[in-house]
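Following the working numbering, the residues of the sequence shown are numbered contiguously, the last one being 213.
Even glycine gets a Cβ: it sits at the ideal position worked out from N, Cα and C.
Below: one structure, written as structure tokens.
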Amino acid sequence: MDGAHVDDVAMLVVGDPFGATTHADLVLRAKQRNIPVKIIHNTSIMNAVGCCGLQLYNFGETVSIVMWLDGWEPDSYYDRIASNMEKGLHTLCLLDIKTKEQSIENMMKGRRIYEPPRYLTCAEAASQLLKIAERKREAGVEPVYNASSPCVGLARVGWDDQKIVFCTLKEMSEHDLGPPLHSMILPGHMHPLEVDMLNTFKISDEKLS
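In structure tokens, the structure reads:
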């Protein structure tokens, strides 16, 4: 930003620039320094998910599903999924990515060695959701979804080899959608046209609604 007073400076981001507060913060800092800003909007998974046939205005709060690690299995996003489902709204689940991260050992020893990139898959996310549902049952709470609940898996949206599948959570936990990036949707109440569209992506004859 320091050179933007004399030269044009561009920043290329993945998705839409205002899909994250980081970029809004950059705009505010530029305005505080009287640096003119021009925004060129981009496609984001937040609107590209419409390719599966679910209507965008029927989505509730988006959640992020993190990659579980040994001894660390957070499930706070369940409450937001439950809130959406109770309102009949669809839930877009953004799946965790880990890039340029260090192991604890390398961090402690000050070694600038990074782990290979890792991407949470729809199968892994579905498995985590099913484990959370089992925890709820063990705690005496009936979960808002179960192994037979419908879900939508999306991979590489916008690419020539994009893949969309419509199946149960159990089926999703066993299904390979191929390379990243993946996203998943837990549908709420569906309009008949939404169901008709999703049925074109079914991977089995199991009845879904």
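Cα-Cα separation between Gln214 and Met50, rounded to whole angstroms: Only positions 5 to 213 of the chain appear in this structure, which leaves residue 214 out of reach.
Spatial distance of Ser187 from Leu99 (CA atoms): 6 Å
Which residues DSSP lists as bridging Leu190, in chain order: Thr95
Cβ neighbour criterion (16 or more within 10 Å) applied to Leu158: buried
Between the CA atoms of Asp20 and Asp165 - distance to the nearest angstrom: 22 Å
Spatial distance of Ser177 from Pro191 (CA atoms): 16 Å
Validate contact between the region 179-186 and the region 137-156 using beta carbons, cut 8 Å, 3 pairs: no
Val53 and Leu96 closer than 8 Å at C-beta: yes
CA-to-CA distance, Val161 to Met89, given in whole angstroms: 24 Å
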